[in-house]
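Trainee: Sequence lines, in order, name chains A and B. Numbered per this note's numbering, the first sequence spans residues 1 to 114. Numbered per this note's numbering, the second sequence spans residues 1 to 115. Backbone N, C-alpha and C define an ideal beta-carbon position, used for all residues, glycine too. Since the model is a prediction, treat every value here as computed from it, not as a measurement.
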Amino acid sequence: DSGVTQTPKHLITATGQRVTLRCSPRSGDLSVYWYQQSLDQGLQFLIQYYNGEERAKGNILERFSAQQFPDLHSELNLSSLELGDSALYFCASSGDRQGNYGYTFGSGTRLTVV
Amino acid sequence: GENVEQHPSTLSVQEGDSAVIKCTYSDSASNYFPWYKQELGKRPQLIIDIRSNVGEKKDQRIAVTLNKTAKHFSLHITETQPEDSAVYFCAASPRYGGSQGNLIFGKGTKLSVKP
Chain A
1 DSGVTQTPKH LITATGQRVT LRCSPRSGDL SVYWYQQSLD QGLQFLIQYY NGEERAKGNI
61 LERFSAQQFP DLHSELNLSS LELGDSALYF CASSGDRQGN YGYTFGSGTR LTVV
Chain B
1 GENVEQHPST LSVQEGDSAV IKCTYSDSAS NYFPWYKQEL GKRPQLIIDI RSNVGEKKDQ
61 RIAVTLNKTA KHFSLHITET QPEDSAVYFC AASPRYGGSQ GNLIFGKGTK LSVKP
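1) To the nearest angstrom, report how far apart Leu-88 of chain A and Glu-82 of chain A are at their CA atoms.
2) Give me the DSSP bridge partner(s) of Ile-60 of chain A.
3) List the endpoints of the continuous beta strand (DSSP E) containing Leu-111 of chain B.
4) Under 8 Å, with one C-beta from each stretch per pair, do the segment 14-28 of chain B and the segment 64-82 of chain B reach the 3-pair mark?
5) Does Asp-27 of chain B have its Cβ less than 9 Å from a Cβ in chain A?
6) Once the 5 residues before and after Leu-111 of chain B are set aside, which same chain residues still bring their CB inside 7 Å of it?
7) In whole angstroms, give me the CA-to-CA distance for Ile-62 of chain B and Ile-48 of chain B.
8) Does any CB atom of chain B fall closer than 9 Å to the CB of Thr-104 of chain A?
9) Residues of the segment 82-95 of chain A in Cβ contact with chain B at a cutoff of 9 Å, in chain order, please.
10) Kindly indicate which three-state DSSP category Pro-34 of chain B falls into: helix, strand or coil?
11) Which residues in chain B sit within 8 Å of Ser-107 of chain A, going by Cβ to Cβ distance?
12) Considering only the alpha carbon of each residue, which of B:Glu-15, B:Val-54 and B:Gln-45 lies closest to Lys-114 of chain B?
13) For Phe-33 of chain B and Cys-90 of chain B, what's the separation of their Cα atoms in angstroms?
14) Using a C-beta to C-beta distance shorter than 7 Å, which residues of chain B count as neighbours of Ser-2 of chain A?
15) At 7 Å on the CB atoms, spell out the chain A contacts of Leu-46 of chain B, in chain order.
16) Could you check what DSSP says for Asp-27 of chain B in three-state terms: helix, strand or coil?
17) Interface residues of chain A around Asp-49 of chain B at Cβ under 9 Å?
18) Is there a Cβ of chain B sitting closer than 9 Å to that of Arg-22 of chain A, yes or no?
19) Below 6 Å CB to CB, which residues in the same chain sit around Thr-20 of chain A once its five sequence neighbours on both sides are set aside?
20) Please confirm if Pro-8 of chain B has its CB atom under 9 Å from at least one CB of chain A.
21) Using a Cβ-Cβ cut-off of 7 Å (strictly less than) and excluding sequence neighbours within five positions of Asn-31 of chain B, which residues of its own chain qualify?
22) First and last residue of the beta strand (DSSP E) that includes Asn-77 of chain A?
23) List, in order along the chain, the chain A residues whose C-beta lies closer than 7 Å to that of Lys-107 of chain B?
24) In terms of residues, what are the limits of the beta strand (DSSP E) holding Glu-79 of chain B?
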């Protein structure tokens, strides 16, 4: 157990639907990062939050949004889902703003859009 | 901003041989370089890291070297075993985080160790 908790582990939904992925960072970590990993692909950075505020944004689609709550858990919302959104979605956390001590990844949410 | 290139994209070795994965980075101010191992369907896990004030670091069969002048760093795995088969990602942390967050990842190397 890495200390980063992601739920649900698996999600199957239809095109056009909306889903919410949840992440609880490791205790004490203030930064949360979201990544998308499609089959045999690398880690595509989506967005970072630090202590409740958005800090960095990658190539995140407009259909996707995220937030970090006062208790530091984060949610990634995916709407108007398309087949191409099927992927593993990872959340990671770090204790500092710069990530100079590496990230700890959660086990991921496998999203399948049918 | 920072850019990290990783080679090779795939690597196949015989059990017991050594494996080397190389990464280059572009931002000379980058100061932290972790390596992650990702087994199929699982989360990336930190296996070793190195900071810019150190040239080499070892942990059992794994070592990482850093050449700041050439802006490249490498992962060395000796006496490879089938359980070393995985995708390995290098990363660099620029001094100032940018549009990709604070760790810039390479595209990964798929290592296969044949018994």
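Mentor: This is what the structure gives:
1) 14 Å
2) Paired residues: none, contrary to the question.
3) 109-114
4) yes
5) no
6) Leu-11, Ala-19, Asp-84, Ser-85, Ala-86 and Tyr-88
7) 8 Å
8) yes
9) Leu-88, Phe-90, Ala-92 and Ser-94
10) Strand, per DSSP.
11) Lys-42 and Arg-43
12) B:Glu-15
13) Spanning the two alpha carbons is a distance of roughly 7 Å.
14) Arg-43
15) Gly-102
16) coil
17) Tyr-101 and Gly-102
18) no
19) Glu-75 and Asn-77
20) For Pro-8 of chain B, no CB of chain A lies under 9 Å from its own CB, so it is not counted at the interface with that chain.
21) Arg-51, Ser-52, Ser-93 and Arg-95
22) From DSSP, the beta strand (DSSP E) with Asn-77 of chain A extends over 74-78.
23) Residues of chain A with a Cβ closer than 7 Å to the Cβ of Lys-107 of chain B are, in chain order, Gly-42.
24) Careful: Glu-79 of chain B lies outside any beta strand (DSSP E) and carries neither H nor E.
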